[in-house]
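Below: one structure, written as structure tokens.
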Amino acid sequence: EKTVERVEELADLLGIRHLLLRRIREISGGEGQRVALARALAKRPDLLLLDEPLSALDPQLREKLQTEIRRIQKHLGITTLYVTHSQDEAFAISDRVAVLEDGRIAQVGTPEELYDRPKSEFVARFLGSGNVFVGKVVSNNGNRSTVEVAGEQFVISGHHDIGAMVSFSVKPEDITILEEVHEDHTQARVTSITPQVGSFKVRLQIDGQTVLALTYDENLIRHLREHPNRVVSFSFRPEHSVILSS
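Under my numbering, residues 98 to 343 are what the sequence shown spells out, in order.
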């Protein structure tokens, strides 16, 4: 009787009551994942391990099940160790995320901490949370330093020794694109424009280095598309730079 109650409880929680009498070959991939999750939860585990459970699903179903897993996790209060190569998946489901590099933990933190403040080049590149620049400090003034990268100069936050090599990242949404070329801003060539949900990702090229910018300005995008491979200027505020370890 208790077993039946537990099965019905989980079936209702995961929305699979209508599948209880079906055979495995009669259910879809998404339904199969829900059934597998119900089986894992049946014994009321203290720790739930999920190893890339959504990797074989299409993007829309994957996003839907991410939300469901998060809801169930919160409802049951079960500590869950979730393994994935997808940043979106990790950030959507987790309270805390650990990024592994060569089998070692490179950084642990909330999704916001990892995205806003990556500690190393590896974490920044792995998460795609920012453009990574490497250059030499050519001057400093108080809590600001000027770094030369690929022949261009950028002002970043922090006082760094002149001559020192530094790595820093800047998030795509913190890059500002200016249609007109300004001598006091870095010039770059627009190589591609990719539409995203509610925004556009613009790929810029400066002396062999790619810079990604995220913009919501549809007028800007329309003008850029009218002139393919156009040269523009871009900039970012010093406080939006994050110093990285190598």
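Ideal Cβ placement from N, Cα and C applies to all residues, glycine included. What you are looking at is a predicted structure, and each value in this text was computed from that prediction instead of being measured.
Outcome for residue i when other beta-carbon atoms lying within 10 angstroms are tallied against a minimum of 16
{"i": "R159", "result": "buried"}
{"i": "G232", "result": "buried"}
{"i": "S242", "result": "buried"}
{"i": "V246", "result": "buried"}
{"i": "A187", "result": "buried"}
{"i": "Y313", "result": "exposed"}
{"i": "V205", "result": "exposed"}
{"i": "T85", "result": "No answer is possible for residue 85: it lies beyond the span of the chain, which begins at 98 and ends at 343."}
{"i": "L321", "result": "buried"}
{"i": "I169", "result": "buried"}
{"i": "T283", "result": "buried"}
{"i": "V328", "result": "exposed"}
Any non-hydrogen atom of the ligand NAP within 7 Å of residue i CB
{"i": "I274", "result": "Ligands are entirely absent from the displayed structure, and the ligand NAP is therefore not among its contents."}
Residues of its chain near residue i, where Cβ-Cβ distance is below 7 Å and the 5 sequence neighbours each way are ignored
{"i": "I175", "result": "P142 and L145"}
{"i": "R136", "result": "none"}
{"i": "A221", "result": "P215, G227, V229, S266 and L341"}
{"i": "D148", "result": "V180"}
{"i": "L197", "result": "A203"}
Minimum C-alpha distance to residue i - residue among the options
{"i": "F219", "options": "S264, S236, S254 and S242", "result": "S264"}
{"i": "V132", "options": "A153, L107 and S152", "result": "L107"}
{"i": "R193", "options": "T291, D185, T181 and E210", "result": "E210"}
{"i": "G200", "options": "L110, V231 and V180", "result": "V180"}
{"i": "P269", "options": "T207, L311 and M262", "result": "L311"}
{"i": "V278", "options": "D271, R241, S330 and H256", "result": "S330"}
{"i": "K380", "options": "T273, R122, K140 and L197", "result": "Limits of the chain in this structure are 98 at one end and 343 at the other, which puts residue 380 out of reach."}
{"i": "I259", "options": "T100, L138 and V235", "result": "V235"}
{"i": "E276", "options": "G206, S296 and E323", "result": "E323"}
{"i": "T177", "options": "S217, L134, Q204 and D185", "result": "L134"}
{"i": "S296", "options": "N316, G305 and F251", "result": "N316"}
Coil, strand or helix - residue i by DSSP
{"i": "K298", "result": "strand"}
{"i": "D359", "result": "Outside the shown range of the chain, which is 98 to 343, sits residue 359, and nothing can be said about it."}
{"i": "V101", "result": "helix"}
{"i": "I274", "result": "strand"}
{"i": "A285", "result": "strand"}
{"i": "P156", "result": "helix"}
{"i": "A261", "result": "coil"}
{"i": "A139", "result": "coil"}
{"i": "I121", "result": "helix"}
{"i": "P335", "result": "helix"}
{"i": "P269", "result": "helix"}
{"i": "I253", "result": "strand"}
{"i": "I290", "result": "strand"}
{"i": "I166", "result": "helix"}
{"i": "I113", "result": "coil"}
Cβ-based neighbour list, residue i, same chain, cut-off 8 Å, excluding 5 preceding and 5 following
{"i": "N326", "result": "R286, V287 and T288"}
{"i": "R114", "result": "E105 and A108"}
{"i": "L117", "result": "V104 and A108"}
{"i": "H256", "result": "N237, G239, N240, R241 and S242"}
{"i": "S130", "result": "In the sequence as presented, Ser is not what sits at residue 130; that position holds Gln. Excluding residues within five positions, the ones whose Cβ falls inside 8 Å are P150, L151, L154 and L162."}
{"i": "T164", "result": "A189"}
{"i": "P335", "result": "R241, V252, I253 and S254"}
Same chain, Cβ closer than 6 Å to residue i, neighbours up to 5 away in sequence not counted
{"i": "S338", "result": "I253, S254, F265 and V267"}
{"i": "M262", "result": "K233"}
Ignoring anything shorter than 3 residues or poking outside the stretch 176–248, list the beta strand (DSSP E) runs there in chain order.
Annotation note: the stretch 176–248 contains the following uninterrupted beta strand (DSSP E) runs of length 3 or greater, listed N- to C-terminal: 176–180, 194–198, 201–206, 228–238 and 241–246.
Contiguous alpha helix (DSSP H) assignments of at least 4 residues, all confined to the stretch 304–333
Within the stretch 304–333, the complete alpha helix (DSSP H) runs of at least 4 residues are 315–323.
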